[in-house]
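Asker: Shown below is the structure under consideration.
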Amino acid sequence: MSDRPFFAESRALVVGAARSGIAAAKLLARHGADVRVVDRRGPDDLAAAVRELGPLGLDLRLGSSDVSALEGRDLVIPSPGVPLDLPILTEAERRGIAIAAELDLGYTVARAPIIAVTGTNGKSTTVELLGAMGRAAGRPTEVLGNIGTALSERAEETPAEGLLVVEVSSFQLETCTRFRPRVGIVLNVTPDHLDRHGTIERYAAIKARLFERQTEQDFRVQPLGDPRLTALLRPFHSSVLWFGFADPTADGVWCEKSDFRWRFAGKEGVLLRRSDAPIPGAHNSENIAAAAAAALAAGLPPAAIAKALRTFQGLPHRLTLVATIDDVRYVNDSKATNVDSLRRALESYDAPIVLIAGGRDKDGDFAALTPLVLERVRHLVTLGEAADKLEGTWPQVPTTRAATLEAAVAAAQSHATPGGVVLLSPGCASYDMFRNFEERGARFEAAVHALERRRAGAGT
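Going by my numbering, the sequence shown opens with residue 485, and the numbers climb by one from there.
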């Protein structure tokens, strides 16, 4: 990268003072920018921002996002959660003020190569897989982006021989103008966030922006058997690696029968047996193959990739086995916040399922899951705002409505049979009842462990 980043000594306005905005403001300040930060929330709600940015002497305007904050600014950095139709942003565009993403700032100062992962489902698992692979290969590796720490916070300090693995959301890609990963992955695109993006076509096009600035020297990892994505990505110039369940007859990684196989740079072989990778489900087979393909493109040896896969146990709240009680498995998949992730969870179990679902609906097409639900769900427990919709969509399935998650676990236990699964896979956002999906998952696990203690105390 250039010794002098494009934002050095700029007069920058950061819109949004959450995690991404704080990291952007600190990076801007380190490079001599005159930084102003605005957020509609007040100081009491933004204690972290006040604590970290206050001592830097920045112009903090908390409690307002009035367009007057644009005065004297020549660069605007909106945080990913900020709606792009916010008046301060539309006015910045009208005035011709340059707009850039926090990812652009981090990319510009990064020394290590970047692997970026986008898609509707599976991003967090895939970036953590890549993080484990990088560490197994002995490379200093940071896992960043939408999953937690912002790229701008670690980009400068990660050495050139390291690896920056970045989870990238559609919200982040909307404003990118410079971000160019050495390796980019798109896992899948299914309906989600249409309340912001409008149509699946626009949503997919935003995801494809990950590859816009790549050249023939960069790599693009994409799924086999997705004609929409194949057509959408065909015009881009990066070198393709494929992942899926069939031999692509080109470079990539695929799951064939009981093995993961790979082909890259004129070499090929068996990576490992599927049974040697602990995380379950066909969707995780796809995540594994995508991560392995990207790792090969980044120069990681197959032996290190396989070593990481053998020990990776998955992430919390993603098909996590909480306990087995009376020969019934209780599984926490609270991260399933849309219809496609619910489908993937149901496909992961052949045993009879008692499904706990519901929450804040994101205009999901639950009817598309009807054949799968009728095949695998023996009882449905609904909760939250979407309860009426779920019950109306699947009237053939015996159903209990629960007022709380604890009541849902109790109802599920009463309908579960030995050898079966109680599956929390809501298919909805959590915000009607919980702060986030993590709190929802933690509450489920606490209820399951309480049940486990009661059953143990009863001598069963």
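We put the CB at the ideal spot given by N, CA and C, even for glycine. Keep in mind the model is a prediction, meaning the values are calculated, not measured.
1. With a threshold of 7 Å (Cβ to nearest heavy atom), would N672 be considered close to the ligand SAM?
2. Whose CA, out of S898, T854, D847, A930, lies closest to the CA of A807?
3. Cα separation between L716 and A689?
4. So P786 is in the alpha helix (DSSP H); what residue range does that whole segment cover?
5. With P855 as the anchor, note down where its alpha helix (DSSP H) starts and where it stops.
6. Using only the alpha-carbon positions, how far apart do L657 and L694 sit?
7. Expressed to the nearest angstrom, what Euclidean distance is found between the alpha-carbon atoms of L874 and A851?
8. Quick check on this structure: which residue in L725, D810, V861, S653 has the alpha carbon closest to the alpha carbon of S504?
9. Which of helix, strand or coil does DSSP assign to H933?
10. Is the separation between the beta-carbon of F655 and that of A781 shorter than 8 Å?
11. Measuring straight from C-alpha to C-alpha, what distance separates A894 and N771?
12. Using the Cβ count rule (16 or more neighbours within 10 Å means buried), how would you classify V754?
13. What residues match up with L573 in a beta bridge as DSSP calls it?
14. Does I772 come out as helix, strand or coil in the three-state DSSP assignment?
15. Looking only at its own chain, which residues have a Cβ that is under 6 Å from the Cβ of L511, when we skip the five neighbours before and after it?
16. Please report the distance separating the alpha-carbon of Q880 from that of A835.
17. To test your reading of the DSSP string, which unbroken alpha helix (DSSP H) runs of 4 or more residues are found completely within the segment 814–880?
18. Is V673 helix, strand or coil when you go by DSSP?
19. E626: buried (16+ other C-beta within 10 angstroms of its C-beta) or exposed?
20. In chain order, which continuous runs of the beta strand (DSSP E) of length 3 or greater are located wholly inside the segment 485–536?
21. I'd like the span of the alpha helix (DSSP H) that includes G657, first residue to last.
22. So does the segment 757–777 actually touch the segment 792–808, counting three or more Cβ pairs closer than 8 Å?
23. Specify, as a first and last residue, the run of the beta strand (DSSP E) that S723 falls within.
24. Alpha carbon to alpha carbon, how far is A792 from R495? Give it in angstroms, no decimals.
25. Please report the straight-line C-alpha distance between D735 and R747, rounded to a whole angstrom.
26. Can you tell me the Cα-Cα spacing of L648 and R623, whole angstroms?
27. Are A777 and L713 close, meaning C-beta to C-beta below 8 Å?
28. Within 10 Å of its beta-carbon, does A600 have 16 or more other beta-carbons around it, so buried, or fewer, so exposed?
29. Just reading off the beta strand (DSSP E) that I561 is part of, what are its end residues?
30. Which same chain residues, not among the five before or five after G941, have their C-beta less than 7 Å away from its C-beta?
31. For R548, which beta-bridge partners are listed by DSSP?
32. Using the beta-carbon count (16 or more within 10 Å), is V932 buried or exposed?
33. Which two residues bound the contiguous beta strand (DSSP E) that contains Q897?
34. In this structure, how does DSSP classify E626 when only helix, strand and coil are distinguished?
35. Whole angstroms are fine: how far does the CA of A616 sit from the CA of V961?
36. Quick one: Cα of A730 to Cα of G709, how far?
Answerer: From the atom records:
1. What this structure holds is no ligand at all, so the ligand SAM is not there to describe.
2. A930
3. 7 Å
4. 786–795
5. 854–860
6. 7 Å
7. 9 Å
8. S653
9. helix
10. no
11. 33 Å
12. exposed
13. Bridge partners of L573: none, in fact.
14. helix
15. L589, S636
16. 19 Å
17. 823–831, 854–860, 871–877
18. coil
19. buried
20. 495–499, 518–523
21. With the sequence shown as reference, residue 657 is identified as Leu, and Gly is not the correct amino acid for it. Taken as a continuous stretch (DSSP letters only), the alpha helix (DSSP H) holding L657 covers 654–657.
22. yes
23. 723–728
24. 44 Å
25. 5 Å
26. 10 Å
27. no
28. buried
29. 559–562
30. none
31. Going by the sequence as given, residue 548 is Ser instead of Arg. In the DSSP output, where bridge partners are listed per residue, S548 has D523.
32. buried
33. Q897 -> not in any beta strand (DSSP E); alpha helix (DSSP H) instead, spanning 889–899.
34. strand
35. Residue numbering for the chain in the displayed model covers 485 to 944; residue 961 lies beyond these limits and cannot be assessed.
36. 9 Å
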